[in-house]
Amino acid sequence: MWSPAWLSRRLWRSARKVLPVYLDLESRARILDLGSSKKPPLTSRTTFLTTKSRGLMMDMVYIPIFILVFFSSLCQSNDQLTQAKPLFLKDKLVSEGGDFALGFFSPTNSSRKLYIGIWYNSIPERTVVWVANRDNPINSPSSAKLAITNNSELMLSDSQGRSIWKTNNTRGGAGAFAVILNSGNFVLRLPNGRDIWQSFDHPTDTTLPTMRLILSYKAQSAATRFFAWKGPDDPSTGDISCSMDPPFNLQMFIWNRTLPYIRFSIVNGVSVTGGTYQSNGSSIVMYQEMINTRDELYYKYTVSPGSPYTRLSLDYTGKFRLLSWSSAASSWAVIFERPTADCDLYASCGPFGYCDLTEAIPTCHCPDGFEVVDQLNFSRGCRRKEAIKCGKESYFTTMPNMKVPDKFLHIRNRSFDQCASECTRNCSCVAYAYANLSNAGTTGDTSRCLVWTGDLIDMEKASFAENLYIRLGESPDQKKSNLLKILLPVIACLMLFALVALVWICKSRGKLQKKKVQKRTMLEYMSSTDEAGDKNIEFPFISFENIVTATDNFSAHNMLGQGGFGKVYKGMLEGTKEVAVKRLSKGSGQGTEEFRNEVVLISKLQHKNLVKLLGCCILEDEKLLVYEYLPNKSLDYFLFDSARKAMLQWPTRFKIIQEVARGIMYLHQDSRLTIIHRDLKASNILLDKEMSPKISDFGMARIFCGNQHHANTNRIVGT
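Heads up: the sequence shown is residues 1 to 719, going by UniProt numbering.
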């Protein structure tokens, strides 16, 4: 193989020999134009041509090659970057066909931030399709350069030599060079022709024809994700991005940060589709390919030769557009874009709602068997007119040309009937969809069965050629056949209902009367105590049935403790409120007086350091008090236990002393009634969850008149 150096030397030596001969031949050729008297003999002319030119004919062959190589070497630097020739601020690389350029640019003329990017070279409007250092701009542009390192990496450095951006490729080799191709791909290539890095594998906000958009990559569990610019003049990574759905790799999303913004239709397998688009008088034939290999699933598109410049772009507003350049209008024309309407956004029609894109003005609708939840706010979705009943026969309504919902379960190796059976026998399945991929060029599993068990989210009706089967309660024929079965027993049911209602009314009246009797008995009972004072006082009354329910019929596992007058139980009043129920012993005569006394006194007192009485109950021999529940029990529970008393540190003890003193002060001075507790002890100091004390057990207490300072008693009380 000839080396470039040998070929150059050979061509130069040949040129030095041949050029003088050309000059000599030119002068001698004039002889052919002389008259016959002036021409030398033919033998002399023939001998001259034979002896002079025969040895040089081989050298003359190299002249065209020399010219081609010479001019080729002059043009080679326009699209290539080598280790010996880095790219500086004023330089740019232009692809061989002149379609794309790579160099330094600033998004606005006033900006001092510089980036390395690729843009269309032959249109007046600079359209950047790739940015290398989008999140790390060059702030000091002098002496910045893009070069190839000794490790065969592309590196962008600033004037101080600091690395701004580099390729970090691991498949390096000696003698690498970079070239900008006419496809817009910037390639780092070894001398043997192997590419070790390319910009097409690291897109920013644009995909170009022939660029592979990797949807699933088994080897690295990674897929292509490209991000929009942050703003119209800010190429840094924005909030809007586009990639496949990571859990399934069956559908593509446009994301707003981590939230889905737009969802595309589900991938149907390997396919090649073509379409013709019109753009300002120009016709574009576009081929879209979905290729599935052993290691990856990728998408790419190509356009027919002679088509105007075409690109897929994702902008900072969330618009996903297919654009083509119009030379007549000198601007980009939109061929296709998403979203096309407000209801094209993710889940905009709510659960079970779908957006009909076939209408002139796309709007939200409900499938058959559903109705809208809120006419003024369709984002709340649709609800079933008839609930699905497990164990009952149901049927499926077919919705053609649908973008199937999100949040599906993918079941493999199923026929259509098996897929339908999977959903039918699962009571929680609400819909299914099936696709036969045998004609799509895929290998292995040629079926795709999707089922849904929750709300159907983000459906659209368009020309997607996908059937969705939604489960409904009963078919119209089943409803007609069941009508007679319903009419016959309806009268019997109404009569039974009337009978039950009559029994319930009588029973309710009996309970109400019983409650009135209980309350009247309690009021009469309470009025007999010496401490009652005000005869119009309202006593909080709770029925005995409610207390029995709250304490699980005074079960042993709900008992908190017991004292001299009875037992205390924990209960759940009304199902949510924790209470403590004090049940006085039936045979305790002393407890009866204390019961009356405590109800009357606590109902008149309100202080944060006094236990709160929620209600009481008297039924025959049963006397019950319902208090607020305090989870930390009483003070003696901590004081007289060697392990638990360590939990009472001095700050907690001092807090308890202070708040007990406040409660006593309230009873003695601040209350409208002067009350002497007469049984204050550690077991009667209850503690809430924050270890705040509350004084309880007012059965021994006495009320003093305003000017009274002492009184006599006939009973010995106290601790």
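No residue lacks a Cβ here, since even glycine has one placed at the ideal position from N, Cα and C.
Every value quoted in this text rests on a predicted model; they were computed, and no experiment measured them.
| Asked | Found |
| --- | --- |
| Entirely enclosed beta strand (DSSP E) segments - the region 634-683, minimum 3 residues | 674-676 |
| Pair within 8 angstroms by beta-carbon distance, residue 748 and Leu686 | Missing from the structure shown is residue 748; the chain here goes from 1 to 719 and no further. |
| Same chain, Cβ closer than 8 angstroms to Thr50, five either side skipped, listed in chain order | Low confidence applies here, because Thr50 scores a pLDDT of 42, under 50, leaving its location unreliable and the question unanswered by this model. |
| Phe200 in three-state terms, based on DSSP | helix |
| contact_flag[the region 251-264, the region 315-335] where n(CB pairs < 8 angstroms) is 3 or more | yes |
| Coarse secondary structure for Cys449, derived from DSSP in three states | strand |
| Opening and closing residue of the beta strand (DSSP E) in which Gln562 lies | Met559 to Gln562 |
| Contacts around Ile266, its chain only, beta-carbon distance under 7 angstroms, and the 5 residues preceding and following it disregarded | Leu250, Gln251 and Val404 |
| Cβ contact check for the region 486-504 and the region 424-433: 3 or more pairs under 8 angstroms | no |
| Reduced DSSP category for Asn292 - H, G, I as helix; E, B as strand; rest coil | strand |
| Check whether Phe226 and Gly238 have beta carbons under 8 angstroms apart | no |
| Beta strand (DSSP E) runs wholly inside the region 289-338, at least 3 long, in chain order | 296-303, 310-314, 320-326 and 331-338 |
| For Pro367 and Glu359, the rounded distance between their alpha carbons | 16 angstroms |
| Contacts around Ile411, its chain only, beta-carbon distance under 8 angstroms, and the 5 residues preceding and following it disregarded | Cys419, Glu422, Cys449, Leu450 and Val451 |
| Proximal residues to Ala341 (C-beta, below 6 angstroms), its chain only, five neighbours per side dropped | Pro362 |
| Identity of the residue in Phe336, Gln83 and Tyr395 nearest Ile284 by Cα | Phe336 |
| Boundaries of the alpha helix (DSSP H) in which Thr576 is found, first to last residue | Counting along the chain, Thr576 falls outside any alpha helix (DSSP H), and DSSP gives it neither H nor E. |
| DSSP three-state assignment for Lys403, whether helix, strand or coil | strand |
| Beta-bridge partners of Gly571, as assigned by DSSP | Val579 |
| 8 angstroms CB neighbourhood of Leu68 in its chain, flanking five on each side removed | Because the pLDDT at Leu68 is just 46, under 50, the model does not fix this residue reliably, and the value given afterwards should be weighed accordingly. So no residue of the chain qualifies. |
| Among Phe100, Arg678 and Trp119, the one whose alpha carbon lies nearest that of Pro107 | Trp119 |
| Integer-rounded CB distance, given that Leu188 should sit under 8 angstroms from Thr167 | 6 angstroms |
| Status (buried if at least 16 other CB within 10 Å, exposed otherwise) for Ser27 | Residue confidence for Ser27 is low, a pLDDT of 42 falling below 50, so the modelled location carries little weight; the figure read from the coordinates is stated next. Classification of Ser27: exposed, given that the 10 Å Cβ count is below 16. |
| Cut-off 7 angstroms between Cβ atoms - residues of its own chain near Pro137, not counting five sequence neighbours on either side | Lys113, Leu114 and Tyr115 |
| Buried or exposed (CB count within 10 angstroms, at least 16 for buried), Phe100 | buried |
| Span separating the alpha-carbon of Phe565 from that of Asn684 | 13 angstroms |
| Three-state secondary structure assigned by DSSP to Ser283 | strand |
| Strand pairing of His607, partner residues [DSSP] | Answer is none; His607 lacks a bridge partner. |
| Contacts around Ser142, its chain only, beta-carbon distance under 6 angstroms, and the 5 residues preceding and following it disregarded | Ser159 |
| Pairwise C-alpha distance: Arg596 and Met700 | 10 angstroms |
| Helix, strand or coil at residue 724 according to DSSP, with G and I counted as helix | Summary: the structure shown does not reach residue 724, with the chain confined to residues 1 through 719, and so no result is reported for it. |
| For Arg412, three-class secondary structure by DSSP | coil |
| Ile618 in three-state terms, based on DSSP | strand |
| N- and C-terminal bounds of the beta strand (DSSP E) containing Val131 | Val128 to Val131 |
| Euclidean distance between Cα positions of Lys385 and Asp455 | 15 angstroms |
| 8 angstroms contact criterion, which Ser173 and Ser199 should meet: CB distance rounded | Per the sequence presented here, residue 173 reads as Gly, with Ser not at that position. Not quite, the Cβ-Cβ distance comes to about 19 angstroms (not below 8 angstroms), so this is no contact. |
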